[in-house]
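Heads up: the structure comes next, in structure tokens.
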Amino acid sequence: MRHKGLFFLLITCATATAWAAQTAPGAGGLGKGPVHISADSLHAENQPRQQAIYTGNVIMIQGDVIIHAQTLTIDAAQGKIQKATAIGSPVTFTMSSAQRHGYGNTLVYLPDSAEVILTGNAHLWQEKNEVNGERIVYFLQNQQTQVTATPGQRVQSVFYPAAANRSANGNGKKP
Numbered sequence: 015m016r017h018k019g020l021f022f023l024l025i026t027c028a029t030a031t032a033w034a035a036q037t038a039p040g041a042g043g044l045g046k047g048p049v050h051i052s053a054d055s056l057h058a059e060n061q062p063r064q065q066a067i068y069t070g071n072v073i074m075i076q077g078d079v080i081i082h083a084q085t086l087t088i089d090a091a092q093g094k095i096q097k098a099t100a101i102g103s104p105v106t107f108t109m110s111s112a113q114r115h116g117y118g119n120t121l122v123y124l125p126d127s128a129e130v131i132l133t134g135n136a137h138l139w140q141e142k143n144e145v146n147g148e149r150i151v152y153f154l155q156n157q158q159t160q161v162t163a164t165p166g167q168r169v170q171s172v173f174y175p176a177a178a179n180r181s182a183n184g185n186g187k188k189p
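Positions 15 to 189 (our numbering) are the ones given, in order, by the sequence shown.
Structure below.
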């Protein structure tokens, strides 16, 4: 039993270290510094796959990225993060270096392609500007966004002129 607890601690530390080491440089706060995860519980396994599942009031922080979720599942292969999936009602995140925040029912992070994917009533803001739809893919490397609507629905966007964004910071100057 003692070895099982040590194994869970090691897989969790290895998972967080691998995530921190692999994320794309220049990807906002992702990949910058250690990953801190707190949750009500953790279940980790190494066989048949490498996976760590955090449940209950999950908070993940890395650099300036903060994610709040009910469940966070980290899938790895040979110590390398393949995918991190956060589920909530909703999942929320902030990325202050890119001045972005958003929410959706599910957030998937794919480190190899440096993508953050929000699905299910997905909303993404940059400053006051907002886009929403069923699925939003945010490409961290080039800071591009792709939004898809639910069938029969439409993508919605609100963009404010630069003058409106300048006055939003309260001093009338460009941020």
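Ideal Cβ positions, reconstructed from N, Cα and C, are used throughout, including at glycine.
Relative to the Cα of residue 102, the nearest Cα in the group 135, 78, 63 and 110 belongs to 135.
Counting every other CB atom within 10 Å of its CB across the protein chains shown gives residue 50 a total below 16, marking it as exposed. Your pair residue 158 and residue 140 does not check out as a contact, with CB atoms roughly 12 Å apart and the cut at 8 Å. The beta strand (DSSP E) runs of length 3 or more contained entirely in the segment 122 to 174 are, from start to end of the chain, 129 to 140, 143 to 153, 158 to 162 and 170 to 172. With respect to the C-alpha of residue 151, the residue from 173, 143 and 116 having the closest C-alpha is 116. Residue 91 carries a strand assignment under DSSP once its states are collapsed to helix, strand and coil. Assignment of residue 100 by DSSP, reduced to helix, strand and coil, places it in the strand class. Within the same chain, and ignoring the five residues on either side of residue 57 in sequence, the residues whose Cβ sits closer than 7 Å to its Cβ are 67.
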